[in-house]
Amino acid sequence: MPSLTLDGVRVEFPFTPYECQKDYMMKVIECLKNGVNGILESPTGTGKTLCLLCATLGWREHFKDGILGRIIAERLKENNTSADNFPESWGASSEDGSMPTSCSDVPKIIYASRTHSQLTQVVNELKNTSYKPKVSVLGSREQLCINPEVMRQESNHLKVHLCRAKVSTRSCVFYNNVEEKSTDKGLVEQIVDVEDLVKFGNKHRACPYYLSRALKQQADIIFMPYNYLLDPKSRRAQSIDLAGSVVIFDEAHNVERTCEESTSFDMTPYDLASAINALTRLLNDHVQEASFADTSSQGLKTDIQVVAKLKEAVLKLEAAIESFEVSEDKGITRPGIFIYELLEKAHLTYDTKEAMSEALEQIIGYLAGQPGIFLNTSGLQKLLDIIQLVFCGKELAQKDRQMVMETNTAHFKVHIHKDTQKKQKNGDPWASSTKKPGNILSYWCFSPGFSMQDLKSQGVRCIILTSGTLSPLSSFASEMRIPFSVSLENSHVIERDQIFVSVIDQGPDRVPLSSAFDRRFNPENMSSLGNTVVNLTRIVPNGLLLFFPSFYLMDKTLEFWRDKGHANQIESVKPIFVEPKGKGAFAEAIEGYYTKVNDFQSRGAIFAAVCRGKASEGLDFTNTFGRGVIVTGLPFPPKMDPRIILKMQFLDEMNRKQLAVPGQKLLTGQEWYREQAFRAVNQAIGRVIRHKDDYGAIFLCDQRFKSRDAQSQLPSWVRPYVRSYDKFGNIVRDVCQFFRVAQKMRPVLEKNPAPDPSVFPAGSCQSSVPQCSAATSYAACKMPSIQKAKMLDVHTSTLKRRRTDEDTEYAIFKQYGVQTQKSKIKPTNLFEALERVERQCEWRGAFGQAMQSNLSTLSLQNDKRMEEMMRGGKRKINLVQEQPSVSGLAPGNRKTSIARCFLVDLKSSLSEVNFEQIHQALQSYKQNDNLDNLLSGTSLLIHDPHTYRLFRGLYPFVRPHHRKAFDEKCRELTGTSCGYEAKHSIRKDEKSSGASHSGDQPTEAKLDEEQPKLEEDKETETADDELQRRNRAVFLADMRRALGPDGSVQLYRAIYAYKMTDNYENLVTTAVPLLTEKDEDFSLLIKFTNVIRPHHKKQYKAMLKELMGLSANTDPGSREQTETENRQSTA
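When you number the sequence shown by my numbering, it's gap-free, plus one each residue, and the end is 1135.
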């Protein structure tokens, strides 16, 4: 693997990194070397995880080498031996001034991400590097336990206590094998994830949970979900030692919320009722046992008097909470320190916390191990968690307690509010123990900095926060309340032609779009948004993501669209899959979406989801699964939510007291509220562009996105591409052009049709292996082989590029009653013949060749030529426009056929520039008949032996009197003759057999010189017929001139299909993008009404009004007539 040196650190990387990847790794190494915190944003698709792993592990090896070198240098010094031949890094002190003296001082890497599934992806990335560190992946018993009895428990805390009971008595056979198997070479020396651990545990009957903890002791890098780090209880349970460690939070955009939630709690009436019931049951059992002279309580180590005191404390706590008179819609808020006053009423203080905690642990463990009827102990567990959270820290002297209590609660608020939940919680049988709704005691943290400061106080070397969406960084850093000396907003690896970002401030009907509270349910607004989505559905290929601000707004909008017909119009093109709230239902919905998008016969699908939902958080919509993202509004948090109100008040209070970290500016409540909306938007739009070769469009459908202030909140890699439009039709035009160009230049992984055995000859290869790009995740590339699309998407007819050799124009319009004169135009030269033959070959081989085209060298050369052509701008070779028939070329003419095949090969094998040079040389030769100029102009073909065949292929183009000289020159330059014979120097019209002058077969002179002629129709026509014919001819000429040969063929085929199937949506999907690419073509879109059948005309005219922004009473035709008259009067 390639290696590079960054800031003195040697980093092994799987491929040559891009500049943005080097920048990212430099920042990571800067944090590690200097022991400072960093906040780094790098867009999805830039290889962030791979860079993070390689830079961190490379620095760790560099650090370790420094220690080893210093030890060796000291020993050499003792022996008076020179150390001149050793690397300079050996023996150097670390950059932070410390002088580590042993390998045990090498920092551990704590790598945390949000979920285990994300950690699995990280471990897979690590497997593809050259680094082989010792690894441990921490998980919960829920993921790792394989003891059937423990896994049968109803709740996680019961599994924990039963597991602990079995371990303490060594009654778990899986735990008993851990010590022996934890040193297994196949486990220690391998990079394993959670799934690998479970497989190993099942195979060797060893507990994966305790194996992971055993591996942790010697691990170089430890992977874990980041709530294990941020939640003090979990950190203690996992025995995580952070002293001197490097802590990395990947996907850190959720760290803020996790920090606050891990140190907050809600004590409900059901939790208290459950705790009281469990303690009552335990006391009753003791009374029954006492009556039979058995007071041992079968394993309960806690004195029964302690159990009684504990029940008394819970009853007093319940009474204290219920003593507050709280209205249904408004709670009571107190400063955080009030929690101590409230708990003191239940005799819960620093003096009693140890005894209470120990008693609760004993009771929960005892009840978890009891056979028979299930007893809910969740309330007891909640009480234990509260005691550990509120009374955190070491034993304190009485004089120090008040200061510590004030410090611990400075970022908290106590909020007591009415429990308005109507149904029983989680089916809790004790939920009905209270006759009326009780009060909820909430202890909420409003500063993620509380957890981060606690983490920093554990003695970590540095903390690195990184994600694809952290913008704006300054406000994110201020919320963490720890200094960040290093920051980065990284650029993307994509280019301008891979992303399209548009602010759509008004729909096709000119109605402003907004999700503001006063407009979100306005019928005009919802209808205009529906019309917008209908139009975008037609022009965005494959998968389209549709994000709403909330579930409630999504449900109401979709309901409106179903009632008003918008949903039917959308689903006639792409079916809609809706994100559900349930976890199981979500998996089913997303699987249906993926399947539909990957269906060869479909046009894709739409996935309607919500910002901050499952679909917007970490799901991979790569390639065809996410070609477009529509954001329907700004997802502000619910402003009347008590927690949101208190958070905004807390920030305003902090600002008034000026409690910001030095060098950082605190957000106001309103600024925080606004940034929460944009962070959710940024996370949603991050679903598109998932790797270096991906492309897609982003549509921001809210007029508030038009302001510069709003656009400044978008990620830095998105901001340069944001466009605003005055007319909706211009958006349609540019989006169509964007996807047309993108699919030409980047025909990457497309839909994988089921191979038809009849298509492939025996022994042929039926699939190709996709190549991983530099920035593409290695893990992501390990997928089934998917056919690389040679032609454009089959399910988006506007983007098709197939051609037909039929007389399409004549056949279509004849069936519409258009009596067009069938032309008998002959090709003007061999270049026109080339264009025709290409169309003919492409259409005939559309199905069979498309499956195999990417396997041929010719295809790869053509891909390269197409990419160069698109980067270079407009095409310079103006080939003759598409003609309706190829009958002018004689199929029996062997020489002409050879010339055709050669030209196809030439055009496919050369770049645009080189083909242009050959074209100019041939044109010049035709005019001046100078062979030397032809040889000079085509000399580029003799520089490479691979193009010698192309040089010899010029032979049919050489005039007879030059062929002998050309053949001799060819033999001299390439070593091979062109097959010259004496008869080749005789002109056809001089041959004894004579040449046919009937016009049935073209001669070479005619191919070069004859101009196309139209035969006049000799039938008598009336004046009306003549006028109608001329109008049709003008319309066809305008259409061909506006669309060019490729666009004309697409449109003619769509019209023909419309005639056969009467499918209006297919016709419009093709015609509208083609006829809206240029503003001046809108008149053709109006004239196109003549092609529409009567029962579709009303629908077509309504669509025209939307595109042109006309009122419902205005006729599009009248506007066009007015514009024509204005132009004429101006002239």
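A virtual CB, placed ideally from N, CA and C, is assigned to each residue, including glycine.
query: First through last residue of the alpha helix (DSSP H) which encompasses Asp738; result: 732 to 749
query: Rounded distance between the beta-carbons of Thr626 and Val694, thought under 8 Å; result: In the sequence under discussion, the amino acid at residue 694 is Arg, which differs from the Val named in the question. Going by Cβ atoms, the distance from Arg694 to Thr626 rounds to 4 Å, so yes, they are a contact pair.
query: Rounded straight-line distance, which links the Cα of Glu675 to that of Asp713; result: 12 Å
query: Length of the line joining the Cα atoms of Leu492 and Ser728; result: 28 Å
query: DSSP beta-bridge partners of Asp270; result: Ser446
query: For Ala350, the first and last residue of its enclosing beta strand (DSSP E); result: First-last for Ala350: undefined, no H or E at that position.
query: Residue(s) in a DSSP beta bridge with Phe703; result: Ser506, Ile634
query: Endpoints, the beta strand (DSSP E) within which Met29 is located; result: Premise fails: Met29 lies in the alpha helix (DSSP H), 23 to 38, not in any beta strand (DSSP E).
query: Distance CB(Asp423)-CB(Pro441) smaller than 8 Å; result: yes
query: Helix, strand or coil at Phe604 [DSSP, three-state]; result: coil
query: Phe552 vs Thr636 beta-carbon contact at 8 Å; result: yes
query: Unbroken alpha helix (DSSP H) run spanning Glu16, endpoints; result: Looking at the DSSP string, Glu16 is not in any alpha helix (DSSP H); the run it does join, the beta strand (DSSP E), is 13 to 16.
query: Backbone CA spacing between Ser175 and Leu388 [nearest angstrom]; result: 26 Å
query: Continuous beta strand (DSSP E) assignments of at least 3 residues falling wholly in the segment 219 to 275; result: 225 to 229, 250 to 253, 269 to 271
query: Cβ contact check for the segment 285 to 293 and the segment 469 to 477: 3 or more pairs under 8 Å; result: no
query: Under 8 Å between C-beta atoms of Leu142 and Ser216; result: yes
query: Minimum C-alpha distance to Asn539 - residue among Lys568, Asn546, Ile574; result: Ile574
query: When Gly630, Glu583, Lys731, Gly511 are compared against Asp706, the one with the closest alpha-carbon; result: Gly511
query: Alpha helix (DSSP H) runs contained entirely in the segment 349 to 374, provided each spans 4 or more residues; result: 357 to 372
query: Cβ-based burial, Ile367 [other Cβ within 10 Å; buried from 16]; result: buried
query: CA-to-CA distance, His570 to Leu670, given in whole angstroms; result: 45 Å
query: C-beta contact flag for Val505 and Val726 at 8 Å; result: yes
query: Reduced DSSP category for Leu10 - H, G, I as helix; E, B as strand; rest coil; result: strand
query: Unbroken beta strand (DSSP E) run spanning Ile580, endpoints; result: 580 to 582
query: Under the three-state DSSP convention, the category Lys170 falls into; result: helix
query: Length of the line joining the Cα atoms of Lys696 and Gly49; result: 6 Å
query: Buried versus exposed, by CB contacts within 10 Å (16 or more), His966; result: buried
query: Asn529 beta carbon less than 8 Å from that of Ser518; result: yes
query: Cβ contact check for the segment 41 to 61 and the segment 483 to 503: 3 or more pairs under 8 Å; result: yes
query: Gln747 CB to nearest heavy atom of the ligand MG below 7 Å; result: This structure does not include the ligand MG; it has no bound ligands of any sort.
query: According to DSSP, residues forming a beta bridge with Arg338; result: Val418
query: Beta-bridge pairing of Phe4 - partner residues as DSSP gives them; result: Because the chain here runs from 5 to 1135, residue 4 falls outside it and cannot be looked at.
query: Validate contact between the segment 212 to 228 and the segment 166 to 184 using beta carbons, cut 8 Å, 3 pairs; result: yes
query: Cβ pair count under 8 Å reaching 3, the segment 186 to 199 against the segment 74 to 81; result: no
query: Contact under 8 Å by Cβ, Val739 with Thr1073; result: no
query: Proximity test, Cβ basis, 8 Å: Ala323 and chain D; result: Annotation note: the requested chain D is absent from the structure, which comprises a single protein chain.
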